[in-house]
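Q:
There are 4 protein chains.
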Amino acid sequence: ENRARLLISCPDKPGIVAAVTSFLYEQGANIVESNQYSTDPEGGTFFLRIEFDCPNIAARQQEIESAFRPIAESFHMDWRLRLHNDVKRIAIFVSKAEHCLLELLWQWQAGELIADIALVVSNHEYLKSTVESVGIPYFYIPVTKETKAEAEQKQIQLLKKYDVDTIVLARYMQILSPSFVAEFPGKIINIHHSFLPAFVGARPYERAYERGVKLIGATSHYVTDDLDEGPIIEQDVTRVDHRHHPDDLKRMGRIIEKTVLARALKWHLEDRVIIHKNKTIVFY
Amino acid sequence: ENRARLLISCPDKPGIVAAVTSFLYEQGANIVESNQYSTDPEGGTFFLRIEFDCPNIAARQQEIESAFRPIAESFHMDWRLRLHNDVKRIAIFVSKAEHCLLELLWQWQAGELIADIALVVSNHEYLKSTVESVGIPYFYIPVTKETKAEAEQKQIQLLKKYDVDTIVLARYMQILSPSFVAEFPGKIINIHHSFLPAFVGARPYERAYERGVKLIGATSHYVTDDLDEGPIIEQDVTRVDHRHHPDDLKRMGRIIEKTVLARALKWHLEDRVIIHKNKTIVFY
Amino acid sequence: ENRARLLISCPDKPGIVAAVTSFLYEQGANIVESNQYSTDPEGGTFFLRIEFDCPNIAARQQEIESAFRPIAESFHMDWRLRLHNDVKRIAIFVSKAEHCLLELLWQWQAGELIADIALVVSNHEYLKSTVESVGIPYFYIPVTKETKAEAEQKQIQLLKKYDVDTIVLARYMQILSPSFVAEFPGKIINIHHSFLPAFVGARPYERAYERGVKLIGATSHYVTDDLDEGPIIEQDVTRVDHRHHPDDLKRMGRIIEKTVLARALKWHLEDRVIIHKNKTIVFY
Amino acid sequence: ENRARLLISCPDKPGIVAAVTSFLYEQGANIVESNQYSTDPEGGTFFLRIEFDCPNIAARQQEIESAFRPIAESFHMDWRLRLHNDVKRIAIFVSKAEHCLLELLWQWQAGELIADIALVVSNHEYLKSTVESVGIPYFYIPVTKETKAEAEQKQIQLLKKYDVDTIVLARYMQILSPSFVAEFPGKIINIHHSFLPAFVGARPYERAYERGVKLIGATSHYVTDDLDEGPIIEQDVTRVDHRHHPDDLKRMGRIIEKTVLARALKWHLEDRVIIHKNKTIVFY
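Chains as they are written, first to last, in my numbering: chain B, 648 to 931; chain G, 648 to 931; chain V, 648 to 931; chain E, 648 to 931.
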């Protein structure tokens, strides 16, 4: 179809929206959705996401980009034009817990997650048949302390071979090394099983139980070198009480984890999430 | 200060945003927030709310409006320019339940509701001292079947005398006549103590109890001639269970009612709510 | 294991709990969970659910039941003793929408729904391979106006042959006849895709869209002869806004539907739901 | 009236409920609500809260307590019998933020918080007239680093003079010294303006903003010597996004703070909260 989105960030100053929308009008585009945000109208950073219909957009993409370049330069814009049909290729990393993977597969089959799931990578063989039964390649790459560097090299090769844009850690129970993360900046989405910044690190449900919290949560965030410290995309919580043991919290938490991860990934795939410093702007 | 908002609705077609934002740029305005929505990019209705800073806006309002008129006409716009300092004057109607009134008064005193509360009108004397203690005039206008028409005439006179823009029914337990409503189209906000369209009409908590629902709610909406059928602005719910009798539901519901009404009123006062047919577009 | 639950309802009067817990103590039982509710301590109905551990309970069930009978009679109790290992056999009815079925299958595989899924019945062939791939028999029984009575006879025969205790309508898009419902009183659980009693009947999302509600919901209830009027077990909602078309509401609603149905079914399977008149008492 | 509640904790073993309920039955009591919880049926701690009606309870309290003592001793119970009419006396500590105080006053006036508000203590004069206008004594006790010990002595004298049972810190912006806390163990309830254990300590909204969380919350807990580490009674959250600055978070947070504090206090006043180690059991 003829839909595309223009993503812009630049220093805020008067006239940006006027320049961009006048340009789109001249190109024959019809805006269908527009979101903007400024960290500070005086000297802050301005973010704009415009979704528009434009006849023949696939054929005209290069021409439009060339015509836009002078405007972009005059406002010192970081920008991208993405066609709606230009679907992102993703890899899903899992360990043994299957609930997040299954939710993503279901939403993908139901047409709610628009992505090409290029491959699934796991440090266990456990979910191989589940994944292969829907026609997605499954790569079992075991990871030990000793083989971690080597395993990550294999993973990176696979991700390049399969031309992957986004990596989803769907309860992948291994910490990625800084060099791995550096290969995919702003491209790795994790689900952490707590309401960050509470319970950073291991065993969050056990620690939630010990602290006696009355709500538990989950957080989807971009992965950076600091464990569980990357930009948060989405969070949600559910109510618990004194009767719930850690196993209950895990069970109840799974529903939150899978829902939060699917929501965050959907927004990412639709280019609705912008990373700014250590936070996200989400145009949902 | 120099802040203003421009509110526009018109038939959707390419070029609207370009024309409006170019105009604002030429006037020296800096956009600080912008929201738009189209019921259908092909032939639907387009809605735009732009908040901007413009030096000396109060003095220049008329000049800017004149300059904008040709653009507005070419796109067949319904439009308004409102200064941020041009605060809406409101009247609050109450009966005996005070929770909604108290919440509005508190939020108003705390600077969260930006409005002039011109007067409070009640069919009971009950809350007179509460209201007068914060320096707001209180008018006790009893209403019976026989005196209703006359009472409404008194109310309308008062509302005109006090130059009231918006009427808030804060659990006012009288049904307004169609002729009253016709005087203030899209200007009367009610809080209904149920999750509409469930339990339209009287005794919603009792009926919620009888039906055995597991959530109760409240709905704030604009008043039209059809009881509880006007455009919904905001709704929320809270969880209940089999142990709760109607009195418990009423008690728990009060928290929802006052929160929902205050939220809806705040959006209305900031011109974030647009009525379109029997629904609202809320740019929050 | 040695766990069992005792479920009691009877006219409320002093001494019930004392009699029951003294009896259990004499039998060597250790209470692990106890819930009770009285519609009115003076002349109302009293409900009790006690979960207890008792050595050798499977072998001693009959003996304990005999010993309890005189107590039960003296208080005019309706009662049941159920062993924890005595898992309920269920049938899932589906049409084409698979989200509820998939969630139930996943929770069942993950050990969160303790049930024997005896069979799946559908008026479409669509989900046959999905269901058979996890080893559950799938029966395709097409239903037309003309064949409905006959189809229901086939269904009832299957349900009896498979010794089914509970029937789950997981978005089964056929209305069951009164004679079908009469065969399984209090045994059929439905998920309705609205926040009942709002939008009873067909096309709830479309009607929610037309009414302009700001929250949509789902309701799980027992099926009675009155469409969507049976005792409500569980409800939940999610926030929507003016941008969401009926297709969006359907998409967002699916998450609520499947979560609410799974929660209601779990409580039912654990004998935590008691039907009283047209309402439920849920001891969760 | 004739209502009372019996609160028990003791080592778990078979026969406790039987013994207690048989005793109550013999005393002519009719149980209206009963809640129990065991940390572990094998060797854990057992908690029981029974609400019952008993004719002439006020006159018979001592007699019933004497009769119960042998049972209590045989099970090594910690226990209390409290009459429903024996209303707790509370002190509210405030600084300048009034939202929590106003909510408590309103709920108290509306009959939703059953307590005697004996006095309000503040380190500012700011809310004096508000409090005195509803007939409650207000004590302005300024606190500086130098005068803190002395100020706390004055506070303790007042609390004793007014025979206060429970102290509510309704956004009181001073840290109580360990010696103050030691005077009222398990009797001081605080509202912390974050979702603990996230953002322990000062400036939680600013830190929530810096971290970019998507939900903010509030936590009501008992005060212990460890700042913000005491047993949590209740928590709740509300959704925020990238547009909200710290001032917005504070504004939105106030609604959560006052609601959570009022809920926690209500449960405490009804003896529904039991402190066990560093957690709470809440029988709501």
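Yeah, the Cβ is synthetic: ideal placement off N, Cα and C, and Gly gets one too. Small disclaimer: the values here were computed from a predicted structure and weren't measured.
Cutting at 6 angstroms between CB atoms, please list the residues of its own chain near M724(E), excluding the five before and the five after it.
A: Translated into positions along the fourth sequence, residue 724(E) becomes position 77. Only I655 and C657 meet the Cβ criterion.
Q: Tell me where the alpha helix (DSSP H) around D895(V) begins and ends.
A: As a position in the third sequence, residue 895(V) is number 248, starting the count at 1. It spans P893 to L916 - the alpha helix (DSSP H) in which D895(V) sits, taken as one unbroken run.
Q: Give the residues from the stretch 896–907 of chain G that approach chain E closer than 7 angstroms (Cβ to any Cβ), ordered along the chain.
A: So the close ones are R898, I902 and T906.
Q: If you run the structure through DSSP and keep just helix, strand and coil, what is F827(V)?
A: As a working note, residue 827(V) is residue 180 in the third sequence. Helix at F827(V).
Q: Compare the C-alpha of V870(E) against each of G833(E), T906(E) and H892(E) and name the closest.
A: Within the fourth sequence, numbered from 1, the residue matching residue 870(E) stands at position 223. Of the candidates G833(E), T906(E) and H892(E), the one whose C-alpha sits nearest the C-alpha of V870(E) is G833(E).
Q: Taking CB distances under 7 angstroms as the criterion, tell me whether A911(G) reaches chain V.
A: Sequence index remark: in the second sequence, residue 911(G) carries index 264 (1-based). So no, A911(G) is outside the interface.
Q: Using only the alpha-carbon positions, how far apart do P784(V) and L766(V) sit?
A: On the third sequence, residue 784(V) is found 137 positions in, with the first residue counted as 1. On the third sequence, residue 766(V) is found 119 positions in, with the first residue counted as 1. If you take the alpha carbons of P784(V) and L766(V), they lie about 5 angstroms apart.
Q: With a floor of 4 residues, list each alpha helix (DSSP H) that falls wholly inside the stretch 752–776 of chain V, ordered by position along the chain.
A: Runs of the alpha helix (DSSP H) inside the stretch 752–776 of chain V: none found.
Q: When the distance is taken between beta carbons, is D700(V) closer than 7 angstroms to N732(V)?
A: For this step, residue 732(V) is matched to residue 85 along the third sequence. For this step, residue 700(V) is matched to residue 53 along the third sequence. For N732(V) and D700(V), no; Cβs fall outside 7 angstroms.
Q: Taking 7 angstroms as the CB-CB limit, is A845(B) close to chain E?
A: Residue 845(B) sits at position 198 when you count from the first residue of the first sequence. By this cut-off, A845(B) is an interface position.
Q: Exposed or buried, which one is V741(G) when buried takes at least 16 other CB atoms within 10 Å?
A: Residue mapping note: residue 741(G) aligns to position 94 of the second sequence, counting from 1. By the 10 Å Cβ count, V741(G) comes out buried.
Q: DSSP on Q708(E), reduced to helix/strand/coil?
A: Taking the first residue of the fourth sequence as position 1, residue 708(E) is located at position 61. Looking at Q708(E) - three-state DSSP - the assignment turns out to be helix.
Q: Out of A849(B), I903(B), K660(B) and Q800(B), which one is the CA nearest neighbour of S824(B)?
A: Residue 824(B) sits at position 177 when you count from the first residue of the first sequence. Of A849(B), I903(B), K660(B) and Q800(B), the residue nearest in Cα terms is Q800(B).
Q: According to DSSP, simplified to helix, strand and coil, what is R850(B)?
A: Looking up residue 850(B) in the first sequence gives position 203. Of the three classes helix, strand and coil, the one that applies to R850(B) here is coil, per DSSP.
Q: Any beta-carbon of chain V closer than 7 angstroms to the one on E881(G)?
A: Counting from one through the second sequence, the residue named residue 881(G) turns up at place 234. So yes, E881(G) belongs to the interface.
Q: Name the residue from F722(B), V847(B) and L728(B) whose alpha carbon lies nearest to the alpha carbon of I711(B).
A: Indexing the first sequence from 1 puts residue 711(B) at position 64. Ranking F722(B), V847(B) and L728(B) by Cα distance to I711(B) puts L728(B) first.
Q: Do we get a CB-CB distance below 7 angstroms when we pair L862(B) with the residues of chain E?
A: In the first sequence, counting from the first residue as 1, residue 862(B) sits at position 215. Answer yes: the Cβ-Cβ gap between L862(B) and chain E drops below 7 angstroms somewhere.
Q: How far does the alpha helix (DSSP H) with F934(V) in it extend, from its first residue to its last?
A: This structure gives no information on residue 934(V), because the portion of chain V shown stretches from 648 to 931.
Q: In chain order, what residues of the same chain have a beta carbon less than 7 angstroms from the beta carbon of W755(G), not counting five sequence neighbours either side?
A: Counting from one through the second sequence, the residue named residue 755(G) turns up at place 108. Closer than 7 angstroms at the Cβ level, and outside the excluded window around W755(G), lie A762 and I764.
Q: With three or more C-beta pairs closer than 8 angstroms as the rule, is the stretch 774–782 of chain B touching the stretch 802–814 of chain B?
A: Verdict: no, contact absent.
Q: In the DSSP assignment, the alpha helix (DSSP H) including A796(B) goes from what residue to what residue?
A: Locating residue 796(B) in the first sequence gives position 149, where the first residue counts as 1. A796(B) -> alpha helix (DSSP H) spans K795 to K808.
Q: Determine, using beta-carbon pairs with one atom in the stretch 812–819 of chain V and one in the stretch 893–913 of chain V, whether at least three such pairs fall under 8 angstroms.
A: Because the criterion of three Cβ pairs below 8 angstroms is met, the stretch 812–819 of chain V and the stretch 893–913 of chain V touch.
Q: By how many angstroms is the C-alpha of E830(B) removed from the C-alpha of D873(B)?
A: Within the first sequence, the letter at position 226 stands for residue 873(B). Within the first sequence, the letter at position 183 stands for residue 830(B). Taking the straight line joining both Cα atoms gives about 15 angstroms.
Q: Please report the straight-line C-alpha distance between V667(B) and I718(B), rounded to a whole angstrom.
A: Position 20 of the first sequence, counted from the start, is the residue given in the question as residue 667(B). Position 71 of the first sequence, counted from the start, is the residue given in the question as residue 718(B). Computed Cα separation, rounded: 8 angstroms.
Q: What residue range is occupied by the uninterrupted beta strand (DSSP E) comprising E698(B)?
A: Sequence index remark: in the first sequence, residue 698(B) carries index 51 (1-based). Note, E698(B): beta strand (DSSP E), T692 to D700.
Q: Counting only Cβ pairs nearer than 7 angstroms, list the residues of chain V close to G859(G).
A: In the second sequence, the residue the question calls residue 859(G) occupies position 212. Those within 7 angstroms of G859(G) in chain V are P878, I879, N925, K926 and T927.
Q: By DSSP, does H868(G) sit in helix, in strand, or in coil?
A: By 1-based counting over the second sequence, the position of residue 868(G) is 221. Looking at H868(G) - three-state DSSP - the assignment turns out to be strand.
Q: Give the interface partners of H746(G) over in chain E, defined as CB-CB distance under 8 angstroms, in chain order.
A: Taking the second sequence and counting its residues from 1, one reaches residue 746(G) at position 99. Per Cβ cutoff of 8 angstroms: W753 and A757.
Q: Between K861(V) and V887(V), which are expected to be in contact by the criterion C-beta below 8 angstroms, what is the C-beta distance as a whole number of angstroms?
A: Locating residue 861(V) in the third sequence gives position 214, where the first residue counts as 1. Locating residue 887(V) in the third sequence gives position 240, where the first residue counts as 1. Between V887(V) and K861(V) the Cβ distance is about 6 angstroms, and since that is below 8 angstroms, they are a contact.
Q: Measuring straight from C-alpha to C-alpha, what distance separates S826(V) and L760(V)?
A: Position 179 of the third sequence, counted from the start, is the residue given in the question as residue 826(V). Position 113 of the third sequence, counted from the start, is the residue given in the question as residue 760(V). Cα to Cα, the separation comes out at about 29 angstroms.
Q: Determine, for L695(G), whether the minimum Cβ-Cβ distance to residues of chain E falls below 7 angstroms.
A: The residue labelled residue 695(G) in the question sits at position 48 within the second sequence. So, not an interface residue.
Q: Are the C-beta of V884(V) and some C-beta of chain G separated by less than 7 angstroms?
A: Mapped onto the third sequence, residue 884(V) falls at position 237. Taking Cβ atoms only, chain G reaches closer than 7 angstroms to V884(V), which makes this a yes.
Q: Counting contacts by CB-CB distance shorter than 7 angstroms, is G662(V) in contact with chain E?
A: The count along the third sequence starts at 1 and reaches residue 662(V) at position 15. Output row for G662(V): interface = yes.
Q: Quick check on H840(V): does DSSP put it in helix, strand or coil?
A: Numbered from 1 along the third sequence, position 193 holds the residue referred to as residue 840(V). Correct three-state label for H840(V): coil.
Q: Cα separation between I838(B) and L912(V)?
A: Counting from one through the first sequence, the residue named residue 838(B) turns up at place 191. Counting from one through the third sequence, the residue named residue 912(V) turns up at place 265. Looking at the two C-alpha atoms, the distance is approximately 28 angstroms.
Q: Rank C747(V), I902(V) and A796(V) by C-alpha distance to the C-alpha of L774(V) and give the top, closest one.
A: Stepping through the third sequence from its first residue, residue 774(V) is reached at position 127. Cα-wise, what sits closest to L774(V) is C747(V).
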